Amino acid sequence: MELVTEDNITELAARRWATARDPRTRELLTALVRHLHAFAREVRLTEDEWMAAIQWLTATGQISDEKREEFILTSDVLGLSMLVVQMNRRFDEAATPATVLGPFHIDGSPELAFGGDMSDGVPGIPLYLSGIVRSLDGTPVGGAVLDVWQADADGNYESQLEVDEARLRAKYTTRADGSYCLRTIAPKGYSIPMDGPVGDLIRQTEISHFRPAHVHFLLNVDGYQPLITHLFEQGAQYLDSDVVFGTKEELVVAFEPREPGPTPDGGVSDVPWVEARYDFVLQPA
Ligand SMILES: [Fe+2]
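Start counting the sequence shown at 171; every next residue gets the next number (the working numbering).
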């Protein structure tokens, strides 16, 4: 039997986890052991710090549920989520780039028709967002579903509020010519939730805890790479300090103010509104 020492414990633990039957699981767990141990050695982790970390992780799990994802938020603010996206979603330069999913996506959003209003009574300035979904070679993609979600004018997502019905989220299907049109309200920049373990950490730093105004999109279309992305408002505050590192130049679009009159869905607005246009370009699978 080999005695455990401070010097050999990393090797012993890695060897033990190297018995994982699946090769990829073996690679992941042995690397995790080595990096965790290297981290503890580098910072000379104390027992109090170890316990504080355990309690922080416990609290992060306890505050999470099917609508709140504090671990995703943790990954987002550490830059890990965006790193994983960058490594795994290396699309053609001409394709719409991917960004983070974020902690607020909810499955099963209601389906709305072309121009349907996903804000449905939520106060704000009407925003019409329209364009084409197409392939890299220019072919329009009909029947593509855009799963859309955003925060309200106070920066709250549905999962942060006591509501029974879908709020500021919907699915739109492109027409045969690839066109889509959605109606919502102009989003505002917002703070990530600061009432949990992530907020406790951020408050100990000079980090700006805000995100620039944006709308989230998820397009999962047969024959194409899944696309998770955002559109950001040009000129919005926090574009250069996004707390989750999710902002990309190519995804910043003009939100143009419009007078009352005809709207892109073929209707007429009797109040001032805002127009944004964006063509999504999908990377073939
Ligand atoms: Fe968001």
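From the three backbone atoms N, C-alpha and C, an ideal C-beta is built for every residue, glycine too. Just so we're clear, the structure is a prediction, and the values are computed from it rather than from any experiment.
Contacting residues, own chain, Cβ-Cβ under 8 Å from residue i (five flanking each side not counted)
i: V438; result: P430, G431, P432
i: T269; result: M252, V255, I398, T399, H400, G416, T417, K418, L421
i: P454; result: S305, L306, G393, Y394, Q395
i: A184; result: T200, V203, R204
i: S411; result: S378, F380
i: F387; result: L316, D317, V318, L397, I398, T399, H400, L401, F450
Helix, strand or coil at residue i according to DSSP, with G and I counted as helix
i: T200; result: helix
i: D317; result: strand
i: D133; result: This structure leaves residue 133 out entirely; the chain is present only between 171 and 455.
i: A471; result: The displayed coordinates of the chain run from 171 to 455. Any statement about residue 471 would go beyond what the structure contains.
i: V368; result: helix
i: P293; result: coil
i: S349; result: strand
i: A184; result: helix
i: L250; result: helix
i: P454; result: strand
i: S279; result: coil
i: S411; result: coil
i: V438; result: strand
i: T266; result: coil
i: T354; result: strand
i: E403; result: strand
i: Q374; result: coil
i: P273; result: coil
i: T189; result: coil
i: N326; result: coil
i: L331; result: coil
i: E219; result: helix
i: V174; result: coil
Proximity to residue i [Cα-Cα], best of the options
i: D177; options: V270, V318, R204; result: R204
i: D365; options: R238, L173, A184, D347; result: R238
i: G313; options: P296, I377, A346; result: A346
i: Q330; options: H275, A264, G249; result: H275
i: T343; options: V385, A336, S279, Y408; result: S279
i: Y327; options: H384, P310, E281; result: H384
i: D324; options: G359, D262, L199; result: G359
i: V247; options: L199, V368, Q374; result: V368
i: P273; options: Q320, E281, L282, S289; result: Q320
i: L166; options: D218, D435, V333; result: Examination of residue 166 is not possible in this model, given that the chain is present from 171 through 455 alone.
i: P382; options: T375, G231, A406; result: A406
i: A283; options: R373, L215, Y350; result: Y350
i: T354; options: V444, V213, T230, N258; result: V444
i: T180; options: M171, E172, A208; result: A208
i: V311; options: D290, I295, E332, G348; result: G348
CB contact check: residue i to chain D, cutoff 8 Å
i: Q330; result: Among the chains of the structure shown, chain D does not appear; only one protein chain is present.
Cβ shell of residue i (< 6 Å), same chain only, five flanking positions each side left out
i: A446; result: L299, V423, F425
i: N390; result: P396
i: L199; result: W187, A190
i: S361; result: H379, F380
Bridge-paired residues (DSSP) for residue i
i: E445; result: Y298, E426
i: Y360; result: R381
i: H207; result: Answer by DSSP bridge pairing: none, since H207 is not bridged.
i: G431; result: S439
i: L388; result: D317, I398
i: P310; result: R304
Beta-carbon contacts of residue i that lie in its chain and below 7 Å, excluding the five residues immediately before and after
i: V451; result: A264, A265, T266, R304, L306
i: W226; result: P367
i: T244; result: T230, V368
i: V292; result: D322, R337, L338, I355
i: S234; result: E240, F241
Ligand 2 heavy atom lying under 7 Å from the CB of residue i
i: R381; result: In terms of ligand content, the structure shown lacks ligand 2 and carries ligand 1 instead.
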